[in-house]
Amino acid sequence: MNSYVRTAERADYNAVKRIMHQVQQMHVDWRPDIYRTNDNLISEEIFSLMVESGNLFVAEDEGNVVGVMEVAYKHTESPSHVTREVVFVDSMAVDAEYRGRGIGHLFFEKVKELKTVAGADAIELQVNAKNRAAYEMYKNYGFTEKSINMELL
């Protein structure tokens with residue numbers, strides 16, 4: 471496998487859409503009371519804006535897009551919190567055929583690089599409580615729980 475991470479381009483639209491659809495379907499299966507099937511999760515216009523932001527990355531393997539990651543830069547400052555700069559992983563998705571092959575780790579290396587360049591204090595992300603595989607991957611990479619969202623239905 472000859473995989474690497476690069477900034478997304480407009481030509482990646484169909485591959486990114488396909489991968490995002492796979493992950494959306496997992497969420498629908500886990501929580502159909504919250505998530506719904508949607509074959510058009512992202513329009514080409516919105517995708518173009520994401521590409522232009524420079525905060526959308528893809529993993530490529532032998533010419534195929536096999537993963538996607540979007541990051542955001544967050545500044546936290548309030549009377550109750552220490553001022554912090556955070557690189558937030560808004561989404562990370564890997565094609566089903568490539569899961570478990572180190573693509574997630576390539577994304578983590580990229581986001582660590584982004585953290586260093588930005589002079590940020592931390593990297594944060596959220597994970598669906600049902601997504602045990604992703605949770606374990608994040609934990610194995612060194613992420614720790616910061617907060618837990620709960621609900622009462």
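For the sequence shown, our numbering assigns the number 471 to the initial residue and increments by one for each residue that follows. Virtual Cβ for every residue (Gly too), placed ideally from N, Cα, C. Source: prediction; values computed, not measured.
_I'd like to know whether the C-beta atoms of Met539 and Lys582 end up nearer to each other than 9 Å._
Position 69 of the sequence shown holds residue 539. Position 112 of the sequence shown holds residue 582. Against a cut-off of 9 Å, the Cβ pair of Lys582 and Met539 comes out as no contact.
inquiry  = Using a 10 Å radius around the Cβ and a threshold of 16 neighbouring Cβ atoms, would you call Gly574 buried or exposed?
reply    = Sequence index remark: in the sequence shown, residue 574 carries index 104 (1-based). Buried, since its Cβ has 16 or more Cβ neighbours within 10 Å.
So, using beta-carbon positions, are Val475 and Val528 closer together than 9 Å?
Here residue 475 is taken as the residue at index 5 of the sequence shown, counted from 1. Here residue 528 is taken as the residue at index 58 of the sequence shown, counted from 1. For Val475 and Val528, yes; Cβs fall inside 9 Å.
Notebook entry, point to check: Pick from Gly537, Ala604, Ala599: whose alpha carbon is nearest that of Glu621?
Noted result: Looking up residue 621 in the sequence shown gives position 151. For Glu621, the nearest C-alpha among the options comes from Ala599.
Sequence-distant residues of its chain with Cβ nearer than 6 Å to Gly537 (five each side left out): Mapped onto the sequence shown, residue 537 falls at position 67. A distance below 6 Å between beta-carbons, with the five flanking residues on each side excluded, links Gly537 to the following residues of its chain, in chain order: Ala529, Val564, Ile573.
Quick one: which unbroken beta strand (DSSP E) runs of 3-plus residues sit fully inside the region 487-545? Chain order, please. 526-531
Task: Residue(s) in a DSSP beta bridge with Ser548 - done: Within the sequence shown, the letter at position 78 stands for residue 548. His551.
**Asked** Could you give the distance in angstroms between the alpha-carbon of Val552 and the alpha-carbon of Ser513?
**Response** Position 82 of the sequence shown, counted from the start, is the residue given in the question as residue 552. Position 43 of the sequence shown, counted from the start, is the residue given in the question as residue 513. Taking the straight line joining both Cα atoms gives about 37 Å.
Val587 burial status per 10 Å Cβ neighbour count (16 or more: buried): Taking the first residue of the sequence shown as position 1, residue 587 is located at position 117. With fewer than 16 Cβ atoms within 10 Å of its Cβ, Val587 is classed as exposed.
For Leu576, does the count of other Cβ atoms within 10 angstroms reach 16, so buried, or fall short, so exposed?
The count along the sequence shown starts at 1 and reaches residue 576 at position 106. Counting the other Cβ atoms within 10 Å of the Cβ of Leu576 gives 16 or more, which makes it buried.
- Can the beta-carbon of His545 be found less than 9 Å from the beta-carbon of Val556? As a working note, residue 545 is residue 75 in the sequence shown. As a working note, residue 556 is residue 86 in the sequence shown. Taking 9 Å as the Cβ cut-off, His545 and Val556 qualify as a contacting pair.
- Message: DSSP has Arg476 in a bridge; who is on the other side?
- Response: Residue mapping note: residue 476 aligns to position 6 of the sequence shown, counting from 1. DSSP, once it has assigned bridges, lists Val528 as partnering Arg476.
Check your understanding: Skipping 5 residues on each side, what residues in its chain have a beta carbon closer than 7 Å to that of Asn525?
Key -> Numbered from 1 along the sequence shown, position 55 holds the residue referred to as residue 525. Cβ neighbours of Asn525 within its own chain (closer than 7 Å, five residues either side excluded): Glu540, Val541, Ala542.
- [ ] Quick one: give me the first and last residue of the alpha helix (DSSP H) that Leu623 is part of.
- [x] Indexing the sequence shown from 1 puts residue 623 at position 153. From DSSP, Leu623 is part of no alpha helix (DSSP H); its letter is neither H nor E.
Subject >> 6 Å Cβ shell around Arg554 - same chain, five flanking residues per side excluded >> reply: The residue given as residue 554 occupies position 84 in the sequence shown. Within the same chain, Arg554 has close Cβ partners Thr546, Asp591.
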